[in-house]
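Chemist:
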Amino acid sequence: MPTIKDVARKAGVSVGTVSRVLSKNESVKQPLKERVLAAMKELDYKPNLAARALRTNSIDVIGLVVPDITNPFFSQLAKNIEMEAAKRGHSVMLANSHDDAEAEQTQIAALLDRAVCGVIVVATSDGGQTHKADVPIVSLDRRFGPYPLVATDHFDGSAKIADHLVGLGHRRIAYIAGPQSMEVARQRREGFVARIKALSTPEDPITLTVHEGHFDYDSGEDIGRSILKDASRETRPTAIAAASDQQAIGVLRCARDLKIAIPADLSVTGFDDIALAALVVPRLTTLRQPIEQLAGSAVARIFAGVAAADEAIAGEIVVRESTGNIPNS
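For the sequence shown, the positions run 199 to 527 when the working numbering is used.
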């Protein structure tokens, strides 16, 4: 098995130069770097990451903590973070907190003990304590403690959904919010409610009801059923906006059970644009979170190694078959 000395001999450089190339030290000039990389490829050299971790007290791994890897949005986010890390020659160590704040703290501490070069945290809820760490910690999607947040502009995204529904003529609208203990859920609700209030006038009033739930399928189905099952066609909402795609898909499911046609009798919107949103029937109109940009920014902050301000990235509405003009318009 070739060693670092073999690579140095092959490339005609010192062992120290090879070591600096392996650690991605920018002080190595490009011609030397290319010679070292070519020698590594020719010799099929594989660096001993464990040994290098002992020498440098860090390894080429980014820690990632998510609340629930079975949530399609978080799994898509994790995939993109892994891709962004790979572009920089790093891998990702994934930990699942199971929506438990105590488990989240344990997972973060465990990752830091393994000398990762940084940790990205999608928090279980608002709050989270400060960790003593010599590497960057970044909040993603949901704020974790005092650490800078990279997230979609949830307020603006919900406002775009409101504009879409009102533009289709809907004036009786229900909104299914996420748990208000979470900043992300509050921002989505506030963005939607504020925009509806701004669009409602005495001459053209909009009736809005708000219902709080969780971000999952069952919550959307249960709340959707409570909104729709006993209401007459003349009094029930003509549109339901949900704070997540999972909630919205739950609404689609209960509407089908109740023989309410989508979108002929009821329009439904989500938020996130998980892969399933384009597969359900009818396909779901939703607010697409810019996952690639979110992942890219979070990973870039790990490598920048300095604190930065919060970043809100605009999402875009994706109009599909679950929304249409107000019934009988």
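Glycine residues also receive a C-beta, built at the ideal position from the N, C-alpha and C atoms. A quick note: this is a predicted structure, and the numbers were derived from the prediction, not measured.
Counting only runs that start and end within the stretch 285-363, where is the alpha helix (DSSP H) found for 4 or more residues in a row?
Modeler: As far as the stretch 285-363 is concerned, its whole alpha helix (DSSP H) runs of at least 4 residues are 299-311.
Chemist: Where residue 322 and residue 491 are concerned, what is the direct C-alpha to C-alpha distance, given to the nearest angstrom?
Modeler: Along the sequence shown, one-based indexing puts residue 322 at 124. Along the sequence shown, one-based indexing puts residue 491 at 293. Cα to Cα, residue 322 sits roughly 21 Å from residue 491.
Chemist: Which term fits residue 228, buried or exposed, when burial requires 16 or more other beta carbons within 10 angstroms of its beta carbon?
Modeler: Residue mapping note: residue 228 aligns to position 30 of the sequence shown, counting from 1. When all chains shown are included, residue 228 counts as exposed.
Chemist: Excluding the 5 residues preceding and the 5 following residue 516 in the sequence, name in chain order all residues of the same chain whose CB lies nearer than 6 Å to its CB.
Modeler: The residue labelled residue 516 in the question sits at position 318 within the sequence shown. The residues are 471, 484, 486.
Chemist: Report all residues from its chain with a CB closer than 6 Å to the CB of residue 335; omit the five preceding and five following residues, and keep chain order.
Modeler: Here residue 335 refers to the residue found at position 137 when the sequence shown is read from its first residue. Contacts found: 317, 345.
Chemist: In angstroms, rounded to a whole number, what distance separates the CA positions of residue 446 and residue 466?
Modeler: For the purposes of this step, residue 446 is taken as residue 248 along the sequence shown, with counting starting at 1. For the purposes of this step, residue 466 is taken as residue 268 along the sequence shown, with counting starting at 1. Approximately 7 Å between the Cα atoms of the pair.
Chemist: Using 8 Å as the limit for Cβ to Cβ distance, is residue 493 near chain B?
Modeler: The structure shown has no chain B; it contains just one protein chain.
Chemist: Could you tell me the alpha carbon to alpha carbon distance between residue 394 and residue 361, rounded to whole angstroms?
Modeler: What you label residue 394 is simply residue 196 of the sequence shown in a count that begins at 1. What you label residue 361 is simply residue 163 of the sequence shown in a count that begins at 1. Going by the C-alpha atoms only, they are around 8 Å apart.
Chemist: What did DSSP end up calling residue 415 once you bin it into helix, strand or coil?
Modeler: Position 217 of the sequence shown holds residue 415. In this structure, residue 415 counts as helix in the three-state DSSP scheme.
Chemist: From 489, 438, 241, pick the residue whose C-alpha is nearest to that of residue 473; which is it?
Modeler: Translated into the one-based positions of the sequence shown, residue 473 becomes position 275. For the residues 489, 438, 241, the minimum Cα distance to residue 473 belongs to 489.
Chemist: Would residue 369 pass as a contact of residue 405 if the rule is Cβ separation under 8 Å?
Modeler: If you number the sequence shown from 1, residue 369 lands on position 171. If you number the sequence shown from 1, residue 405 lands on position 207. Going by C-beta atoms, residue 369 is nearer than 8 Å to residue 405.
Chemist: Say whether the stretch 378-388 touches the stretch 445-462, bearing in mind that this needs 3 or more beta-carbon pairs closer than 8 Å, one atom from each stretch.
Modeler: Verdict: no, contact absent.
Chemist: Tell me, please, which residues DSSP counts as bridged to residue 243.
Modeler: Here residue 243 corresponds to residue number 45 of the sequence shown, with the count starting at 1. Answer is none; residue 243 lacks a bridge partner.
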